[in-house]
């Protein structure tokens, strides 16, 4: 196989999840991976809720005006622009301006792979060319929608809003355009920015750089480690290490949770960077950091939805969440980045607990965070009773979460399947078509999950081929079964594991899996009487009506510089639910076999419950007070 082919294979694998696989480092340094993702263009979504959401986001992306996105880049570079500036966090007076275009490039690259959409790729190519012109006009490799003076203020310890955060988003978008969309110019522009970053950081001593790292800087370490992997340049790896925040990492490496008081999404990307350092160097310390952090957040600091944070931060000791319900829980960026970290850790461990968490956070923390009408995104996922989902206003907000969710709704195919030399993992039950070209296998997953309690997998192959098919058996199911070509199989796996079929597969082989779902409670770790109702992996919310929800109230007010969406009223107390002991089915009953709709029984107030990801423009309750 020629070197060019090897390089393409490497880059496509890197792009799938930010670089889980082959790296330009000595083989002895790169740690082994138990599972690898498939490229986004190998997985096509089939009709279902995820394809619907992908298409809504595609329309949202295409509705963005290219010249308005470029306006402040051109102004900063001294190039003419007559476009109307964007509003909100992209407004000319906002110091974070420019971040959304970086996310936008990533979203275009991912969506173009997910759908095979040449128009999206062409749009990304045009934007890269215009950014290159801005960079060339500035002349020293710098590129942003704000002047270099922002970095002078950062260096001097003066007030400035996270310039490296924005730079990271732009650089990550360029890298995605290169690795996913094959744009060579994007890599040239990116390396110019990286060289500028190196020159900026070079005079700073370690103590000075440590002070810089106290400001939010996005995933600069991860980005530069990824760039080192793509280019095989040690200088980028060394620069990445300068963005490894040792004061934050040290307690994690020693197994200590000192997260209280920290801004959540400032720090999750740092840990993703630690994961990438482990993957490049094999240094076990960085794996310990990532795995300990992941366990702490997912088990001690996560809500029923899988999300984390309140008011963007961790305000309590581990395991204390009952006081942390508000309209400002679960910043969407945190869920996106926790899922990104989860993909890395699953690659190292193939642990089904990672996939269980991924499914819960995907359905409850991501899928309902985009309005189906216009594709606007959430900033916070409200978990307090009596409030509603407060979406943004088109062209007026451009919050950080507008950007991350633009990416999240472009890449649903990235974690449905993983593989290794022995076989394939089916981690998510999403209607999809997998092309496993290396083995000459097409795997079609047909399902209406979660309306359907199970899935069907069909094998298409030109010749018999042996591999292990590993189907996740979720923690939430009991009594599952599998049938091969209509014949019921023995030895179905226990919940929280994989059912493995290691055999020679022939064209037309079919595996039908049943995964019964039931009602269960997800209680707060520090208060067993405060709990959410779940059905399988789905959080069910109580519908509390639409009183007072006029159109002007349903959407966030157009964002002023550096402001976040705000509710104009306070939440109510969690509604009571009489559970009659431990038998939840006596208190809540399903209304229809066809629809996922439930009703309370024998309560002071009868309430209808529906999956969290399906409720929009209504008041709701997530947690209940059990009596």
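In our numbering, the protein residues as written are 56 to 682.
Idealized CB from N, CA, C, for every residue including glycine.
Run the CB neighbour count on residue i, radius 10 Å, all protein chains shown included, and call it buried at 16 or more, exposed below.
i, result
"residue 625", "exposed"
"residue 319", "buried"
"residue 179", "buried"
"residue 678", "buried"
"residue 160", "buried"
"residue 540", "exposed"
"residue 385", "buried"
"residue 315", "exposed"
"residue 546", "exposed"
"residue 309", "exposed"
"residue 465", "buried"
"residue 334", "buried"
"residue 486", "buried"
"residue 642", "buried"
"residue 323", "buried"
"residue 395", "buried"
"residue 70", "Residue placement at residue 70 is poorly supported in this model, since its pLDDT is 40, which falls under 50; the coordinates are not used for a value here."
"residue 447", "buried"
"residue 199", "buried"
"residue 353", "buried"
I'd like the list of long-range same chain contacts for residue i, defined as Cβ closer than 6 angstroms, with 5 residues on each side in sequence excluded.
i, result
"residue 509", "568, 569, 570"
"residue 561", "519"
"residue 576", "586"
"residue 208", "215"
"residue 489", "98, 472, 498"
"residue 81", "Confidence is the limiting factor: at residue 81 the pLDDT is only 44, short of 50, which leaves the residue's position unreliable and the question unanswerable from this model."
"residue 344", "304, 307, 308, 329"
In the DSSP assignment, find the alpha helix (DSSP H) that holds residue i and state where it starts and stops.
i, result
"residue 233", "218-234"
"residue 246", "239-256"
"residue 290", "289-297"
"residue 660", "That residue, residue 660, is in no alpha helix (DSSP H); it is neither H nor E in DSSP."
"residue 496", "Segment 496-501 is the beta strand (DSSP E) holding residue 496; no alpha helix (DSSP H) there."
"residue 286", "275-286"
Check this for me: beta carbons of residue i and residue j, under 7 angstroms apart or not?
i, j, result
"residue 451", "residue 142", "yes"
"residue 522", "residue 458", "no"
"residue 470", "residue 162", "no"
"residue 357", "residue 421", "no"
"residue 574", "residue 676", "no"
"residue 653", "residue 664", "yes"
"residue 272", "residue 219", "yes"
"residue 133", "residue 190", "no"
"residue 611", "residue 445", "yes"
"residue 276", "residue 328", "yes"
"residue 175", "residue 166", "yes"
"residue 196", "residue 250", "yes"
"residue 330", "residue 233", "no"
"residue 524", "residue 483", "no"
"residue 351", "residue 312", "yes"
"residue 409", "residue 594", "no"
"residue 187", "residue 240", "yes"
"residue 224", "residue 154", "yes"
"residue 382", "residue 439", "yes"
"residue 24", "residue 124", "The first residue shown for the chain is 56 and the last is 682, placing residue 24 beyond what the model contains."
Go to residue i, then tell me how far its beta strand (DSSP E) extends in each direction, as first and last residue.
i, result
"residue 575", "574-579"
"residue 666", "663-666"
Apart from the five residues just before and just after residue i, which ones in its own chain have a Cβ nearer than 7 angstroms to its Cβ?
i, result
"residue 584", "680, 681"
"residue 544", "537, 538"
"residue 317", "368, 369"
"residue 147", "127, 140"
"residue 456", "386, 387, 388, 432, 433, 434"
"residue 79", "The predicted position of residue 79 is uncertain, since its pLDDT is 43 and thus under 50; a value taken from the coordinates is nonetheless stated next. Cβ within range, chain order: 284, 287."
"residue 596", "664, 665, 667, 670, 675, 676, 677"
"residue 430", "111, 112, 114, 115"
"residue 379", "365, 370, 371"
"residue 552", "407, 528"
"residue 173", "none"
"residue 347", "307, 310"
Tell me, please, whether the CB atom of residue i is closer than 7 angstroms to any CB atom in chain C?
i, result
"residue 86", "Of the chains in the structure shown, none is chain C; there is only one protein chain."
Using a Cβ-Cβ cutoff of less than 8 angstroms, which residues in the same chain neighbour residue i once the five nearest sequence positions on both sides are dropped?
i, result
"residue 686", "The requested residue 686 does not occur in the structure, where the chain is confined to residues 56 to 682."
"residue 517", "495, 562"
Would you list, in sequence order, the uninterrupted alpha helix (DSSP H) runs of no fewer than 4 residues that lie entirely inside the segment 98-161? 104-117, 121-132
Please specify which runs of the alpha helix (DSSP H), each continuous and at least 4 residues long, are wholly inside the segment 190-217, giving them in chain order. 204-210
Could you tell me which uninterrupted beta strand (DSSP E) segments, each at least 3 residues in length, are contained entirely in the segment 527-569, listed from first to last along the chain? 536-539, 552-560, 565-569
Alpha helix (DSSP H) segments (min. 4 residues) lying fully within the segment 300-349: Secondary structure remark: continuous alpha helix (DSSP H) runs of at least 4 residues inside the segment 300-349, in chain order: 301-308, 319-336.
Can you list the alpha helix (DSSP H) stretches of 4 or more residues lying completely in the segment 579-646, in chain order? 606-609
Run through the segment 405-491 for me and flag every whole beta strand (DSSP E) of 3 or more residues, listed as ranges in chain order. 472-474, 478-481, 487-491
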